[in-house]
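The sequence shown lines up with residues -19 to -1, 1 to 329 when you count with mature numbering (1 follows the signal peptide of the UniProt record, and there is no 0).
First up is the structure itself, then whatever we jot down about it.
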Amino acid sequence: MKTLIFLALLGTSLHTATAVKHSLTYFLTASSGIPNFPEFVGVAVVDDIVIGYCDGNTIKPRQDWVTKLSHDDPQHFHESTQQCSEILPNIYKSKLDILKQRFNQSGDVHVLQRMVGCEWDEETGEISGFNQYEDFLAFDPKTQIWITSKYQAVITKLKWEADKNRIKLYKMYLTGIYPIWLKMYVDYGKSSLLRTVLPSVSLLQKTPSSPVSCPATGFYPNRVDMFWRKDGEELHEDVDHGEILPNNDGTFQMSVDLDISSVKPEDWSRYDCVFQLSGVKEDNIVTKLDKAVIRTNWGKTGIRGGEIQSVSSCLCSGDSRGRRVYVSSVWPILVKVICCERYMSGTH
């Protein structure tokens, strides 16, 4: 099967913290040939938290403070609705059709993803914008040129760079409009965006010969460090770090595994799993490697066979099928949101 895919680079104990850097990211996706998948999807993310979703037919705020903002500034919400329901679906369908022709691929599955937005350093005031189609085109705001990753993108590069009005529009959004929106969102959502939430941490093991997994779930923000130690020193060998993945409640999860095949039983007490949340180091969570607290698929201290699953096996709460709902490292936020929207609407 020939598949045309353009991937955009694309809680417990509460405390307060001030994030220095903030980001606003729009994931815009057009697709064709995927059953039960919307042809256009837009997801808005602030500081790694999904704040809005639309799929051409539906637009939904995903945070209470966004709902409040939509009431306080109805014009802003109206413009977003118009973009997502009328303008962008047609624009991205056209983009995808052009790329199918350029790559001489008309059938099968096609996906076009774009990531656009900005970052704001609250401490220095520095603003940086981004506008990317990862393995196709990326816009450099400083030089105002498009960087190509495939020769098929050269035609688009030359056309877009020759359109000075397009360049001015990009600059206006990346350095002007998006930063204004980001600061507004941070102000409205500061009680949520600037909080810190500590996770629950446990130890899991599928079989006596399996690595011991140390999953942490329910933490926020996603700036964390997690590792295994021996005698207080961080281990770099026989350790496997998992990805940080989003939960359905706006928090995050990750795990770190330790291969214990060469660890002697009498040495277990020398090992521990450490979770560190950035900016809250006084609340490090240390979990000793102890057989008595490991949840297993066997023995009296374990749980029923088949119950242990990866903590990332179902990102959409309520999905009893327990299947992974992401496709690659780019997709968790997007596909999780789609999964949950479809589950809640009864279309699953």
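Every residue gets a Cβ at the ideal spot worked out from N, C-alpha and C, and that includes glycine.
{"Query": "Check whether Val220 and Ile275 have beta carbons under 9 Å apart", "Result": "no"}
{"Query": "Cβ separation of Met96 and Phe8, assumed to be a contact under 8 Å, to the nearest whole Å", "Result": "6 Å"}
{"Query": "Own chain partners of Asp206 with C-beta closer than 6 Å, once the 5 adjacent residues on each side are dropped", "Result": "Gln257"}
{"Query": "First through last residue of the alpha helix (DSSP H) which encompasses Ser173", "Result": "159 to 174"}
{"Query": "Counterpart residues of Ala25 in DSSP-defined beta bridges", "Result": "Tyr7, Gly33"}
{"Query": "Local Cβ density within 10 Å of Ala25, reported as buried at 16 or more and exposed below that", "Result": "buried"}
{"Query": "Leu163 beta carbon less than 9 Å from that of Val27", "Result": "yes"}
{"Query": "Closest Cα partner of Val271 within the set Leu185, Pro16, Pro227", "Result": "In the sequence on display, residue 271 carries Asp and not Val. Answer by Cα proximity: Leu185."}
{"Query": "Test item: CB-CB of Tyr159 and Trp46 under 9 Å", "Result": "no"}
{"Query": "Of the listed residues Leu155, Phe117, Glu103, Phe84, nearest to Lys138 (C-alpha basis)", "Result": "Phe117"}
{"Query": "Every unbroken alpha helix (DSSP H) inside the region 104 to 137 [4 residues or more]", "Result": "none"}
{"Query": "Exposure of Thr6, with buried meaning 16 or more beta-carbon neighbours within 10 Å", "Result": "buried"}
{"Query": "Pair within 9 Å by beta-carbon distance, Leu239 and Leu216", "Result": "yes"}
{"Query": "Cβ neighbours of Asp29 in the same chain (closer than 7 Å, five flanking residues each side left out)", "Result": "Pro202, Asn203"}
{"Query": "Stretch-stretch touch, CB-based, cutoff 8 Å, three pairs: the region 66 to 77 with the region 9 to 24", "Result": "yes"}
{"Query": "Environment of Asn228 [buried if 16+ CB atoms lie within 10 Å]", "Result": "buried"}
{"Query": "Straight-line gap, His91 to Lys131 (C-alpha atoms, nearest Å)", "Result": "17 Å"}
{"Query": "Supposed contact pair Lys211 and Tyr252 - C-beta distance, whole angstroms, cut 8 Å", "Result": "5 Å"}
{"Query": "Expected contact under 8 Å - CB spacing of Lys245 and Glu100 to nearest Å", "Result": "Actually they do not touch by this definition, with Cβ atoms about 48 Å apart."}
{"Query": "C-beta atoms of Val167 and Cys195 nearer than 9 Å", "Result": "no"}
{"Query": "Run of the beta strand (DSSP E) containing Leu185, from where it starts to where it stops", "Result": "184 to 186"}
{"Query": "Distance, Glu224 Cα to Gln44 Cα", "Result": "24 Å"}
{"Query": "Start and end residues, alpha helix (DSSP H) containing Asp45", "Result": "45 to 53"}
{"Query": "4 or more residues per run - each alpha helix (DSSP H) lying fully within the region 208 to 232", "Result": "none"}
{"Query": "Bounding residues of the alpha helix (DSSP H) (the contiguous stretch that carries Ser75)", "Result": "69 to 83"}
{"Query": "Sub-9 Å separation of residue 342 and Thr232 beta-carbons", "Result": "Because residue 342 is not part of the residues shown, which for the chain are -19 to 329, the question remains open."}
{"Query": "Residue of Gln125, Ala134, Gln133 minimising C-alpha distance to Asp144", "Result": "Gln125"}
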